[in-house]
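Asks: Numbered continuously in my numbering, the sequence shown closes out at residue 647. Have a look at this one.
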Amino acid sequence: MLRTAGPTWALIVGMVLSGCTDKADTGRDSGSLDGGAGDSGADGGDSGGPTDVTVSVSLDATVMDECRSTCGTLSVSGDGWLGDVRWQVESDIDGFLPVEGTLDGDGQATFCIDGPLTPGVHNLAFHVDIGDRTYALATLDVRPFGWAYGLDKPVEVLTEPPWVPHIPESDLRVDPAFPSSNVTYPDPDGGDERVPAVSVLAPSTVVFNGRRFLYYAGTPDTTFYLGVASTRGEGENGWVIENDGDYILHSSQTGTRKGDWDYYAQNTPEALIRDDEIWLYYNGRSGESGGLTIGLATSTDGVHFDRNPTPVLEPTGVPGDFDEGGVAHPSVEVRDVDFTDNEAGASEVFEMWYASGTLEIGYAISADGLNFERYCDGSVFAGKLGTWDLGTVKAPEVKRYEDTYYMTYSGCGQGCYQVGWAASNDGIRWIQHTEPIIPIQQPEPGSSEIPWNSYGTQEGFIEDDDSGIWRIWYAGTSTSGGDIGYVEVTPR
156 MLRTAGPTWA LIVGMVLSGC TDKADTGRDS GSLDGGAGDS GADGGDSGGP
206 TDVTVSVSLD ATVMDECRST CGTLSVSGDG WLGDVRWQVE SDIDGFLPVE
256 GTLDGDGQAT FCIDGPLTPG VHNLAFHVDI GDRTYALATL DVRPFGWAYG
306 LDKPVEVLTE PPWVPHIPES DLRVDPAFPS SNVTYPDPDG GDERVPAVSV
356 LAPSTVVFNG RRFLYYAGTP DTTFYLGVAS TRGEGENGWV IENDGDYILH
406 SSQTGTRKGD WDYYAQNTPE ALIRDDEIWL YYNGRSGESG GLTIGLATST
456 DGVHFDRNPT PVLEPTGVPG DFDEGGVAHP SVEVRDVDFT DNEAGASEVF
506 EMWYASGTLE IGYAISADGL NFERYCDGSV FAGKLGTWDL GTVKAPEVKR
556 YEDTYYMTYS GCGQGCYQVG WAASNDGIRW IQHTEPIIPI QQPEPGSSEI
606 PWNSYGTQEG FIEDDDSGIW RIWYAGTSTS GGDIGYVEVT PR
């Protein structure tokens with residue numbers, strides 16, 4: 156049973172054990188805790204140490220978020236204490252931790268244990284170089300990232316998805332619900348006539364004020380911009396292209412200038428309803444080349460948006476980081492906190508999953524939807540070499556259902572992208588399904604007709620309208636471009 160959080164804890168353990176492990180390697184995972192319980196003092200034996208010494212440790216908090224830290228004090232007292240003695244910390248889960256120091260003449264040392272640590276209950280041994288057999292014990296309960304924001308997630312890691320959608324092939328051969336032929340654009344070469352879209356991709360839908368809004372990324376050439384359609388009135392294939400058929404959040408409308416983070420292009424929308432507004436997360440690019448950044452715009456009518464000039468998540472720019480050069484494809488879930496007495500002062504939490512330039516998936520948390528804190532230990536999902544996704548993943552879309560996180564993602568790479576499926580207890584440690592759930596469709600035997608989703612399927616967006624049925628909207632591509640369709644599944 157995991158302990159619940161409370162006021163600052165103080166745990167003082169003066170137990171001295173026998174059988175201390177070697178103390179040469181302070182790297183994580185370098186050792187294992189051994190030995191058994193002993194008396195309340197330590198005998199220096201033949202090593203020349205003090206003959207009557209008590210070692211104790213006090214932790215400021217015994218429950219911590221895996222990405223936070225806890226500090227404390229290590230104390231040694233007794234006859235013959237001379238000071239200048241080395242010490243270090245060992246966990247039965249993570250091995251030796253990068254926490255060590257020297258006890259001074261008064262026998263006191265302060266320390267901090269920093270994340271990342273593996274979630275679980277850690278039994279910690281504070282090894283002190285007095286003789287051969289001296290250390291103190293403490294217990295540290297490490298919770299998955301989000302605890303500091305009031306999320307109490309399970310520590311247990313799934314070994315397989317609890318549920319996997321099974322979609323009949325006949326459903327995948329239905330014509331697209333929103334074909335690219337619905338959309339036209341101003342001529343990028345400056346002509347007077349509008350030109351047809353080559354592709355519409357990256358669907359995201361919400362039902363707002365009695366109408367379904369479909370946000371998408373489309374292009375007349377190779378540069379993508381955002382658009383919006385709705386089900387009001389009588390339109391092509393049941394859709395009306397809003398905003399007089401023009402882009403939304405284009406520089407001509409927002410007044411962005413060259414060099415602004417989303418001046419050149421906008422892509423991968425993610426819509427959610429917040430009170431009486433639609434919040435639209437999206438990624439932008441400042442120039443023809445360069446990294447992608449994630450930002451936010453808001454609307455009271457679903458069509459006209461106010462752009463937040465400050466991005467909500469930017470590339471780290473740190474060499475070696477998986478998201479050093481770009482962040483894109485945001486997926487955002489909002490959930491109430493499990494307890495309000497949390498470090499961040501959060502009453503609700505925005506969880507964001509996003510793709511990177513290295514084709515891995517990251518995770519970040521925010522208390523306000525504007526300022527996000529990244530997970531402290533790199534990407535949370537990278538696919539697997541040797542599986543169908545070839546270790547190449549992007550376009551996460553996450554939905555939390557009955558305390559389990561489910562994710563669609565695009566895997567395999569250019570020319571073979573398909574929609575995959577994964578599940579997680581905490582949104583961080585994922586287990587993938589062995590096959591794509593929306594595979595590429597080949598021409599039917601004897602037919603020369605090329606299916607609209609024959610080249611790739613990608614960017615599955617999960618729409619849950621509380622009817623008990625999920626619509627998974629997705630983009631399909633063929634040699635002629637990209638269109639948007641959906642399949643329906645019943646979660647269980």
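Virtual Cβ for every residue (Gly too), placed ideally from N, Cα, C. This one's a predicted model, so the numbers in the text were calculated from it and none came from an experiment.
1. Leaving aside the five residues before and after proline 551 along the sequence, list all residues of the same chain whose C-beta is less than 8 Å from its C-beta, in chain order.
2. How about aspartate 307 and histidine 277: are their beta carbons less than 9 Å apart?
3. What residues in its chain sit with their C-beta under 6 Å from that of cysteine 226, if we drop five residues either side in the sequence?
4. Report the CB separation of leucine 451 from valine 489 in whole angstroms; it is logged as a contact under 8 Å.
5. So for asparagine 438, helix, strand or coil by DSSP?
6. In three-state terms, what does DSSP make of serine 406?
7. Quick check on aspartate 619: does DSSP put it in helix, strand or coil?
8. Determine contact between the region 354 to 363 and the region 332 to 344, defined as no fewer than three beta-carbon pairs at a distance below 8 Å.
9. Determine which residues share a DSSP beta bridge with glycine 382 and list them.
10. Could you give the uninterrupted runs of the beta strand (DSSP E) lying entirely in the region 424 to 475, keeping only those of 3 residues or more?
11. Since serine 502 is in the alpha helix (DSSP H), which residue starts that stretch and which ends it?
12. Among residues of its own chain, excluding the 5 on either side of tyrosine 530, which ones have a beta-carbon nearer than 6 Å to its beta-carbon?
13. Measuring CB to CB, does alanine 291 end up less than 9 Å from leucine 229?
14. If you drop the 5 nearest sequence neighbours on each side, which residues of the same chain put their C-beta closer than 7 Å to that of threonine 471?
15. Between Ile617, Pro600, Ile624, which has its C-alpha nearest glycine 575's C-alpha?
16. Which same chain residues, not among the five before or five after arginine 440, have their C-beta less than 6 Å away from its C-beta?
17. Straight-line CA distance for asparagine 438 to glycine 524?
18. Considering just the uninterrupted stretch of the beta strand (DSSP E) at leucine 255, what are its terminal residues?
19. From tyrosine 304 to glycine 582, what does the alpha carbon distance come to, in whole angstroms?
20. Between aspartate 234 and the ligand GTP, is there a pair consisting of the residue's CB and a ligand heavy atom that are separated by less than 8 Å?
21. Classify glycine 400 as helix, strand or coil using the three-state DSSP reduction.
22. State the CB to CB distance for the pair arginine 462 and leucine 404, rounded to an integer number of angstroms; the pair is presumed to be in contact (CB under 8 Å).
23. Would you kindly work out how many angstroms separate the C-alpha atoms of serine 521 and aspartate 207, rounded to a whole number?
24. According to DSSP, is glycine 196 helix, strand or coil?
25. Taking just the CA atoms, how far does aspartate 491 sit from valine 504?
26. Cutting at 7 Å between CB atoms, please list the residues of its own chain near threonine 378, excluding the five before and the five after it.
27. Check whether the region 589 to 609 touches the region 314 to 322, taking contact to mean three or more Cβ pairs, one atom from each stretch, closer than 8 Å.
28. Quick check on aspartate 337: does DSSP put it in helix, strand or coil?
29. Give the straight-line distance between the Cα atoms of proline 375 and valine 644, rounded to the nearest whole angstrom.
30. Give me the residue from Asp619, Trp585, Ala578, Gln569 with the minimum Cα distance to glutamine 613.
31. For the beta strand (DSSP E) containing leucine 229, name the first residue and the last one.
32. Using a 10 Å radius around the Cβ and a threshold of 16 neighbouring Cβ atoms, would you call proline 424 buried or exposed?
33. Who are the Cβ neighbours of asparagine 497 in its own chain at under 7 Å, not counting the five residues just before and after it?
34. Under 7 Å Cβ to Cβ from glutamate 315, same chain only, skipping five residues before and after it: list those, please.
35. Leaving out five residues on either side along the sequence, give the residues of the same chain with a beta carbon under 6 Å from the beta carbon of aspartate 638.
36. Would you grab the beta carbon distance between asparagine 398 and valine 458 for me? Rounded to a whole angstrom, and I think it's under 8 Å.
Replies: So, to answer that:
1. By one-based count along the sequence shown, residue 551 stands at place 396. Cβ neighbours of proline 551 beyond the five flanking positions: His484, Ser486, Trp508, Tyr509, Ala510, Ile516, Phe536, Met562, Thr563, Tyr564.
2. The count along the sequence shown starts at 1 and reaches residue 307 at position 152. The count along the sequence shown starts at 1 and reaches residue 277 at position 122. Not in contact: aspartate 307 and histidine 277 (Cβ atoms no closer than 9 Å).
3. Translated into the one-based positions of the sequence shown, residue 226 becomes position 71. These residues qualify, in order along the chain: Asp215, Cys267.
4. The residue labelled residue 451 in the question sits at position 296 within the sequence shown. The residue labelled residue 489 in the question sits at position 334 within the sequence shown. With 8 Å as the limit, leucine 451 and valine 489 do not qualify as a contact, their Cβ atoms being about 13 Å apart.
5. Stepping through the sequence shown from its first residue, residue 438 is reached at position 283. In this structure, asparagine 438 counts as strand in the three-state DSSP scheme.
6. Position 251 of the sequence shown, counting from 1, holds the residue named residue 406. The answer is helix: DSSP assigns serine 406 an H, G or I state.
7. Residue numbering aside, residue 619 sits at position 464 when the sequence shown is read from its first letter. Note: aspartate 619 maps to strand in three-state DSSP.
8. Yes: at least three Cβ pairs fall under 8 Å.
9. Stepping through the sequence shown from its first residue, residue 382 is reached at position 227. Answer by DSSP bridge pairing, in chain order: Tyr371.
10. You should have 432 to 440, 447 to 454.
11. Translated into the one-based positions of the sequence shown, residue 502 becomes position 347. Serine 502 -> no alpha helix (DSSP H), and no H or E assigned at all.
12. Start at 1 with the first residue of the sequence shown, and residue 530 comes out as number 375. Closer than 6 Å at the Cβ level, and outside the excluded window around tyrosine 530, lie Phe300, Tyr518.
13. Mapped onto the sequence shown, residue 291 falls at position 136. Mapped onto the sequence shown, residue 229 falls at position 74. Yes.
14. Position 316 of the sequence shown, counted from the first residue, corresponds to residue 471. Excluding its 5 nearest sequence neighbours in each direction, threonine 471 has C-beta neighbours in its own chain below 7 Å: Asp478, Glu479, listed in chain order.
15. Counting from 1 along the sequence shown, the entry for residue 575 is found at position 420. If you compare the alpha carbons of Ile617, Pro600, Ile624 with that of glycine 575, the shortest gap goes to Ile617.
16. Translated into positions along the sequence shown, residue 440 becomes position 285. The beta carbon of arginine 440 sits closer than 6 Å to the beta carbons of Tyr419, Ala420, Leu447 from its chain, once the five residues preceding and following it are set aside; these are given in chain order.
17. Along the sequence shown, one-based indexing puts residue 438 at 283. Along the sequence shown, one-based indexing puts residue 524 at 369. Taking the straight line from one Cα to the other gives about 15 Å.
18. As a position in the sequence shown, residue 255 is number 100, starting the count at 1. In the sequence as presented, leucine is not what sits at residue 255; that position holds glutamate. Under the DSSP assignment, glutamate 255 falls in the beta strand (DSSP E) whose first and last residues are 250 to 258.
19. Residue 304 sits at position 149 when you count from the first residue of the sequence shown. Residue 582 sits at position 427 when you count from the first residue of the sequence shown. Taking the straight line joining both Cα atoms gives about 14 Å.
20. For the structure depicted, the ligand GTP is absent and the ligand set is empty, with no information on it obtainable.
21. As a position in the sequence shown, residue 400 is number 245, starting the count at 1. In the displayed model, glycine 400 falls within a helix according to three-state DSSP.
22. Position 307 of the sequence shown, counting from 1, holds the residue named residue 462. Position 249 of the sequence shown, counting from 1, holds the residue named residue 404. Approximately 6 Å separates the beta-carbon atoms of arginine 462 and leucine 404; this is inside 8 Å, confirming the contact.
23. As a working mapping, residue 521 is identified with position 366 in the sequence shown. As a working mapping, residue 207 is identified with position 52 in the sequence shown. Cα-Cα distance, rounded: 51 Å.
24. For the purposes of this step, residue 196 is taken as residue 41 along the sequence shown, with counting starting at 1. In this prediction, glycine 196 scores a pLDDT of 37, lower than 50, which makes its location untrustworthy; no coordinate-derived value is stated.
25. Within the sequence shown, residue 504 is the residue found at index 349, counting from 1. Within the sequence shown, residue 491 is the residue found at index 336, counting from 1. Across the structure, valine 504 and aspartate 491 are spaced so that their CA atoms are roughly 6 Å apart.
26. As a first step, residue 378 must be located in the sequence shown, where it is residue number 223. Result list for threonine 378: Ala420, in chain order.
27. In short, these stretches touch, since the Cβ pair count reaches three.
28. Indexing the sequence shown from 1 puts residue 337 at position 182. Per the sequence presented here, residue 337 reads as asparagine, with aspartate not at that position. DSSP, reduced to helix, strand and coil, places asparagine 337 within a helical segment of the structure shown.
29. Position 220 of the sequence shown, counted from the first residue, corresponds to residue 375. Position 489 of the sequence shown, counted from the first residue, corresponds to residue 644. Distance between the alpha carbons of proline 375 and valine 644 is about 32 Å.
30. Your numbering for residue 613 matches position 458 in the sequence shown. When each option's Cα is compared against that of glutamine 613, the closest is Gln569.
31. Looking up residue 229 in the sequence shown gives position 74. Counting along the chain, the beta strand (DSSP E) containing leucine 229 begins and ends at 224 to 234.
32. For the purposes of this step, residue 424 is identified with residue 269 of the sequence shown, where counting begins at 1. So proline 424 ends up on the buried side.
33. On the sequence shown, residue 497 is found 342 positions in, with the first residue counted as 1. Excluding positions up to five away in sequence, the list reads Ala303, Tyr304, Gly305.
34. Residue 315 sits at position 160 when you count from the first residue of the sequence shown. Once the five neighbours on either side are set aside, the close Cβ partners of glutamate 315 are Ile586.
35. Counted from its first residue, the sequence shown places residue 638 at position 483. These residues qualify, in order along the chain: Pro331, Pro334, Ser335, Trp607, Gly631.
36. For the purposes of this step, residue 398 is taken as residue 243 along the sequence shown, with counting starting at 1. For the purposes of this step, residue 458 is taken as residue 303 along the sequence shown, with counting starting at 1. About 5 Å; that satisfies the 8 Å criterion.
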